[in-house]
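Participant:
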Amino acid sequence: MGVEICVEGLTKSFGHQVIWQDVSLTLPAGEVSVLLGPSGTGKSVFLKTLVGLLKPERGSITIQGRDLTGLREHELYEVRKLFGVLFQDGALFGSMNLYDNIAFPLREHTRKPESEIRRIVLEKMDMVGLIGAEEKLPGEISGGMRKRAGLARALVLDPEIILFDEPDSGLDPVRVAYLNQLIVDLNAQIDATFLIVTHDIASARQVPDNIGLLFRRELVMFGPRERLLASDEPVVRQFLNGRMQGPIGMAEEKDAAQVEQELAQLTEAPVVREPTPRLLPGPGITRPPRWEAIARREAELRRREAADA
Ligand SMILES: Nc1ncnc2c1ncn2[C@@H]1O[C@H](COP(=O)(O)OP(=O)(O)OP(=O)(O)O)[C@@H](O)[C@H]1O
Ligand SMILES: [Mg+2]
2 MGVEICVEGL
12 TKSFGHQVIW
22 QDVSLTLPAG
32 EVSVLLGPSG
42 TGKSVFLKTL
52 VGLLKPERGS
62 ITIQGRDLTG
72 LREHELYEVR
82 KLFGVLFQDG
92 ALFGSMNLYD
102 NIAFPLREHT
112 RKPESEIRRI
122 VLEKMDMVGL
132 IGAEEKLPGE
142 ISGGMRKRAG
152 LARALVLDPE
162 IILFDEPDSG
172 LDPVRVAYLN
182 QLIVDLNAQI
192 DATFLIVTHD
202 IASARQVPDN
212 IGLLFRRELV
222 MFGPRERLLA
232 SDEPVVRQFL
242 NGRMQGPIGM
252 AEEKDAAQVE
262 QELAQLTEAP
272 VVREPTPRLL
282 PGPGITRPPR
292 WEAIARREAE
302 LRRREAADA
């Protein structure tokens, strides 16, 4: 059914470099959340911290009543079975063909017979469009294919929590559209809790239930998709609209006067505030019950906005 992940006051540094501090958010069970942020703000570090690969200095990560930050290695090993993770670089074993790469978690964590493993591996390879590439080595295929192999591998254990680090980077636009539909369909079918890091704004606008944004070592905002899409917070608006004008600069943060000037000029151009429609599960896929709750939440928000206007 997916599990809730509750992050409180999390801080991560490397030496003197604080990556982010005091990050608190709850990933609701069974919902899809997207984490955005400029390059280098620590999104990948956040995912690695969630699975216990990196140790935070402060704060807690609570899953099923247990704080992951306090667990020993063998306890973490058990908790990790809840997770399916696609790392940013795919992290495939270079000397193993795709079939064996995807079968790896099943062989490592289960006692399933090879016949059953074969069924699962081929099912997932089919799902990501890799049938026929079983024998290929990671070095022999395109970046997009490696991504999709990593996706298949993240799914073989039927995880309760799915973390994808830029699943869409290196994919062509058509494949990104298929991937987004796959995520929405998968979520409706298996109801796992998803956290997806992406730079693709179009995906971020239409796929998730919740959006979070990391900037300047902080989680600027985390909340329901529709609330962030309608937000007036300058960083959120700049990022979700992919604009140059705003607090986020190319190499570093801009000074306040410059940001103010840019934003003043910007108000002359029409600002798109139309709610982006949510991507729905494909035909024949039953929507999970929580979709009704989300629809109610969105309707309530629209009512409140109308009342405010
Ligand atoms: N193991 C590590 N040791 C030291 N510093 C690290 C380590 N891993 C990441 N960092 C630093 O943490 C910061 C955040 O890195 P991270 O990879 O999480 O960024 P990101 O938001 O995922 O960026 P991108 O969008 O480019 O993938 C960077 O400054 C990086 O150099
Ligand atoms: Mg990253």
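If you use the working numbering, the sequence shown closes out at 310, no skipped numbers anywhere.
Every residue gets a Cβ at the ideal spot worked out from N, C-alpha and C, and that includes glycine.
If you follow the beta strand (DSSP E) that I163 is in, where does it begin and where does it stop?
Facilitator: From DSSP, the beta strand (DSSP E) with I163 extends over I162 to D166.
Participant: Closest by CA to L183, which one among L220, D166 and M128?
Facilitator: Of L220, D166 and M128, the residue nearest in Cα terms is M128.
Participant: Applying the criterion that 16 or more other CB atoms from any shown protein chain within 10 Å of the CB defines a buried residue, is E136 buried or exposed?
Facilitator: So E136 ends up on the exposed side.
Participant: Am I right that F165 and L87 are in contact with their C-beta atoms under 8 Å? What's the rounded C-beta distance?
Facilitator: 5 Å between Cβ atoms; contact.
Participant: Mind checking A296: buried by the 16 CB within 10 Å criterion, or exposed?
Facilitator: Counting Cβ neighbours within 10 Å, A296 comes out exposed, since fewer than 16 surround it.
Participant: Apart from the five residues on each side of it in sequence, which residues of its chain come closer than 7 Å, Cβ to Cβ, to L229?
Facilitator: Answer for L229: I212, M222, V237 and L241, listed in chain order.
Participant: Entirely within the region 191-248 and at least 3 residues each: give me those beta strand (DSSP E) ranges in chain order.
Facilitator: Here the runs fully enclosed are 194-198, 211-216 and 219-225.
Participant: Report the three-state DSSP secondary structure of T63 (helix, strand or coil).
Facilitator: If DSSP states are grouped into helix, strand and coil, T63 belongs with the strands.
Participant: Nearest by alpha-carbon distance to D23: which of I132, R305 and L215 is it?
Facilitator: Selected option, being the one with the closest Cα: L215.
Participant: Ends of the alpha helix (DSSP H) at F84?
Facilitator: F84 -> not in any alpha helix (DSSP H); beta strand (DSSP E) instead, spanning F84 to L87.
Participant: Alpha carbon to alpha carbon, how far is H110 from R73? Give it in angstroms, no decimals.
Facilitator: Straight-line Cα distance between these residues: approximately 18 Å.
Participant: If you measure from the CB of V52, is any heavy atom of ligand 1 nearer than 7 Å?
Facilitator: No, the Cβ of V52 stays beyond 7 Å of every heavy atom of ligand 1.
Participant: Can you tell me which of the three DSSP states K113 falls into?
Facilitator: If DSSP states are grouped into helix, strand and coil, K113 belongs with coil.
Participant: Could you check if E161 is buried or exposed, using at least 16 other CB atoms within 10 Å of its CB as the buried criterion?
Facilitator: With 16 or more Cβ atoms within 10 Å of its Cβ, E161 is classed as buried.
Participant: Identify, in the order they occur along the chain, each residue of the same chain with its Cβ nearer than 7 Å to the Cβ of Q65, setting aside the five sequence neighbours on each side.
Facilitator: If we look at Q65 and ignore the five residues flanking it on each side, its Cβ neighbours are V4.
Participant: Is V104 buried or exposed, if buried means 16 or more other CB atoms sit within 10 Å of its CB?
Facilitator: The sequence as given places Ala at residue 104; Val does not occur at that position. Counting Cβ neighbours within 10 Å, A104 comes out buried, since at least 16 surround it.
Participant: Measure from the alpha carbon of E83 to the alpha carbon of each residue in S96, P106, G140 and M146, then state which is nearest.
Facilitator: The residue you asked about is not Glu; residue 83 is Leu in the sequence shown. If we check each option's Cα against that of L83, P106 comes out closest.
Participant: Over the uninterrupted beta strand (DSSP E) stretch that includes E76, give me the two end residues.
Facilitator: Element bounds for E76: not the beta strand (DSSP E) but the alpha helix (DSSP H), E74 to V80.
Participant: For R81, which residues from the same chain have a beta carbon less than 8 Å from its beta carbon, with the 5 sequence-adjacent residues on both sides left out?
Facilitator: For R81, where only same-chain residues beyond five positions count, the Cβ hits under 8 Å are V52 and G53.
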